[in-house]
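Throughout the first sequence, residue numbering follows my numbering, covering 3 to 825 in sequence. All C-beta atoms in this analysis are idealised placements derived from N, C-alpha and C, irrespective of residue type, glycine included. Everything numeric in this text was worked out from a predicted model, so none of it was measured. Shown next, in structure tokens, is the structure this report addresses.
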Amino acid sequence: MFLRKHRFGVVSHTDLIPKLIPLVRSFNSFSYSPSTNVVDETSTNYEFDFNQLFISCNKSIHLAKRLHALLLVSGEAKNIYFSAKLVNLYAYLGDISYSSITFEQIRTKNVFAWNSMIFGFVHNGCSREAINCYYRLLVTSSSRVRPDFYTFPVVLKACGDLVDGKKVHCWVLKLGFCLDLFIDASLIHMYSKFGFVTDARKVFDVMWVRDKGTWNAMISGFCQNGNAVEALGVFEEMRMEGVQLDSTTVSSILPVCAPFGEGLKGILIHVYAIKHGLEFDVFVSNALINMYAKLGELVSSRKVFDQMITRDLVSWNSLISAYEQNNDPISALKLFSEMTENKFQPDVFTLVSLASVVAQCGDDHKSRSVHGFIMRRSWMCEDSFIENAIMDMYAKLGCIDLARKVFERMAFKDVISWNTLITGYAQNGLASEAVEVFREMEWCKGIVPDQGTLVSILPAFSHLGSLQHGMRVHGYSIKIGLCMDIFVGTCLIDLYVKCGRLDDAMLLFKQVPRRSSVPWNAIISGHGIHGDGEVALTIFGEMQDDGVKPDHVTFVSVLSACSHAGLVEQGKSCFQLMQQKYGIEPSLKHYGCMVDLLGRAGHVDIAYDFIKNMPIRPDASVWGALLGACKVHQNEELGKVASEQLFEVDPENVGYYVLVSNMYASTGKWDGVDKVRALARDRGLRKTPGWSSIEVNKKVDVFYSGNQSHPQCEEIYKELGGLLSKMKSLGYVPDYSFVLQDVEDDEKEHILTSHSERLAIAYGIINTPPKTPIRIFKNLRVCGDCHNATKLISRITERDIIVRDSNRFHHFRNGHCSCGDYW
DNA sequence: ATAGGGTTAG
């Protein structure tokens, strides 16, 4: 006689015993030992706990199937209770098809069965099916079978959007379940998930009783919506009410501490966790690793990690990403191999970090491995996150075409995908491609440009000097309320600066929040490249008066402002100030600025001594600054020294070969020119072609020197011819030292006249109303002869001509230039 | 018998 003790009474079934005993035995031999109450096999009385049996089976799908088979054979499967448990068991083990087949075979489904099925779908990520199942339940519901308080938490979890959620909420109210703690927590969670955290708060506020779960739901709701202040507020309230924090509370509050400047609070919570024995909780430890990483405290991250008793994949991922975020790709890679040695299989998160790590290393080969690894696991199509990371990786490695390919094959592109591609183009110097992508994006349904988009596209417009397009984006930023964002605001300041509208830049600067150094740096550098060194220094002074701490970028801006304006003494004292007052160690960029400052002012020898005394190894930009100065001040001897260094440090950069060859050409040393050219040719380098662009009626035209293919070509050359004769009558003599080819004089004159900047200016004169300003952009430095010519053209045409070259601005007016011929 | 709230990313 077999007895099964059960809540609902005692059921007997004789045939089941002989079949069940071996099953129970196999469970016992299976490392996990269920505490089945099999008292004595030989006895005729068994007390058998079926719950234990089901629990035993949740380790393996095979055991579950054997149990199912036995229940079928014995006829017990007809028992609705067992069937529902099976639905649950299969779902738990991840076999949703077995789960739903079992469910469908139940003739009279009770709530338990329905709940199990809905749970099954949610547990296996089939939210849509879960919701459908819930609707089926509603349709078939009667007084006997209708959703109960077990149903709603699961259904709420399955809601795909606010509409679903609100409908479910209505049913909750209709059926009178509004005082259930679990349901309320789920409601709070649902509203927060869709960003409606105020609705979540409403649910929270009307609750009479709250348990830890509901507090935690509210806190995590605020945290996940980036509302740190509210989150910390609720957190304090919770403590005031004397509710003990648990590991869930701690691990949901920790992630908001670092990004919202509450690092100290985070550390205090760490102390609390240690005191209350939550320190070794995996979730808490992982959150701590991440928090310390964001605070830049890598040592603490590592310490937490090392002290952990058990680590999971998230722990490894967190520490890898900690190293990645703090620019230590070598340690990150080391940790990755340690992780695989410890038999942890990398997941999507690991690979996202790894993509960024290999980009930091600049390792082309490893990047292909990362991409291949992801493709082999077909993770590419699962979500856009990883694909965006891969795009970013390729873009950072300079393989923008590969990034594009990834982008084009993406099944689902989100805003970030577009932003990543735009940034990729912009950072690889392909501004017009970036603009092209932006245009495409604007036509793309369902994609709304966000802060990230503006921050990636505005520099491209600045780079192209495309003022009208940039202004349109400025308008858009006002519309979506982002123009006062520090980063967008700074990009806009930079746009106006780079488009030659220093006054507009200044106006905007006065409006944006100025607590951070970012906008200050932009406006200081703006005045610098416009040659207003004095104003730059004044603003720098105001910045210090306002108590804004200058950073290393500020000093690059200040020093280069001094060098553009020839403020040697002021530059020197800023260099001192940076080290002594602000304790900033000069970087190569700062040294480059100083060499430029000294060299340009004619102190080439002092600049060389300065380089020799540098505590770090000078790089190409430092030697390049010296070479530039040598060219201007015709110091061939030092120029040779600089060039030898340059060809060693940065042999691939064409610019330096051109500079050296120009230096020789300007003094007519053609053999030197030939030597350098031969050297460049041997190394397979080709001169970057010079070009100038101009924006007329929102259309940007680009001119190359000697360009003959423009539709208005004839008109342009006619205009230039007319200007040339007027210039000559004003005493213009072409300066052939800027012609870098050894040709006859009349040929030289033609070469000068067809320099790209002149073509662009002529085009501007033809296509814009008289006396309006002309703004052009040149990718290289403007040539000395064109500089002279442009001064005269500004006088003849009574126009302001603003030329931005690769180095700075030249504002020509009535025969003079703002740079005072110092550049 | 079945349910909620937690850590990592571009």
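In terms of Cβ geometry, Leu599 and Val560 do not form a close pair [threshold 8 Å].
DSSP places Trp672 within a helical segment (H, G or I) once states are collapsed to three. Less than 8 Å divides the Cβ of Asp182 from the Cβ of Phe151. With respect to Leu74, Leu55 sits apart: the two C-beta atoms are not nearer than 8 Å. Taking C-beta atoms as the reference points, Ala230 and Phe262 count as a pair closer than 8 Å. Note on Ile120: 16 or more other CB atoms within 10 angstroms of its CB, so buried under the neighbour-count rule. One Cα belongs to Leu140, the other to Ile133, and the distance between them is close to 11 Å.
Thr142 is classed as exposed because its beta carbon has fewer than 16 other beta carbons within 10 Å across all chains shown. Judged by pairs of C-beta atoms under 8 Å, the segment 454-467 touches the segment 416-428, as three or more such pairs exist. Residue pairing by DSSP places Ser694 opposite Phe705 and Lys780 in a beta bridge. For Ile63, the enclosing alpha helix (DSSP H) has its first and last residue at Ile63 to Ser76.
For Val124, the CB contacts under 6 Å within the same chain, skipping 5 residues up- and downstream, are Ala132, Val156, Lys159 and Ala160 in chain order.
For the pair Lys512 and Leu469, the Cα-to-Cα distance works out to about 20 Å.
When Val372, Lys398 and Lys345 are compared, the shortest CA-CA separation from Gly364 is found for Lys398. Straight through space, the alpha carbons of Asp802 and Thr774 are spaced by roughly 7 Å. Distance from Ser695 to Asp684 at the Cβ level is roughly 32 Å; contact not present, criterion being Cβ atoms closer than 8 Å. In this structure, Ser254 places its C-beta atom within 8 Å of the C-beta atom of Ser222. By the criterion of a C-beta distance shorter than 8 Å, Asn328 is surrounded in its chain by Ala295, Gly298 and Leu300, once the five residues flanking it on both sides are discounted. The bridge partners DSSP lists for Ile803 are Ile776 and Phe814. Counting the other CB atoms within 10 Å of its CB gives Gln107 a total below 16, which places it among the exposed residues. By the 16-neighbour rule on beta-carbons within 10 angstroms, Pro772 is exposed. If you ignore the 5 residues before and after Val286, its C-beta comes within less than 8 Å of the C-beta of Ser249, Val252, Ser253, Leu256, Ala275 and Leu280, all in its own chain and listed in chain order. The beta carbon of Ser519 sits closer than 8 Å to those of Met545, Val550, Lys551, Pro552, Asp553, Val555 and Thr556, all from its chain and outside the five residues before and after it, given in chain order. Nearest to Val113 by C-alpha distance, out of Ile98, Ala93 and Cys135, is Cys135. Put simply, the backbone Cα of Asp787 is about 25 Å away from that of Glu639.
For Cys501, the secondary structure class from DSSP, reduced to helix, strand or coil, is coil.
Cys819 sits in a strand when the DSSP states are folded into three classes. At the C-beta level, Leu164 and Phe206 stay beyond 8 Å of one another. Look at Ile311 here: in three-state DSSP terms it is coil, with no helix or strand label. A Cβ-Cβ contact shorter than 8 Å links Pro521 with Ile495. Cβ-Cβ separation between Phe811 and His532: approximately 5 Å, consistent with a contact (criterion under 8 Å). Sixteen is the threshold: since fewer than 16 other Cβ atoms of the shown chains lie within 10 Å of the Cβ of Asn53, the residue is exposed. In the three-state DSSP reduction, Cys564 falls in the helix class (H, G or I). Close CB contacts of Glu78 within its chain, under the 6 Å cut and outside five residues either way in sequence, are with Phe84 (chain order). The C-beta distance from Arg806 to Gly568 rounds to 20 Å, too long to fall under 8 Å, and the pair is not in contact. Runs of alpha helix (DSSP H) with 4 or more residues, each lying fully within the segment 586-669, are found at 590-602, 606-614, 622-634, 638-651 and 656-668, listed in chain order.
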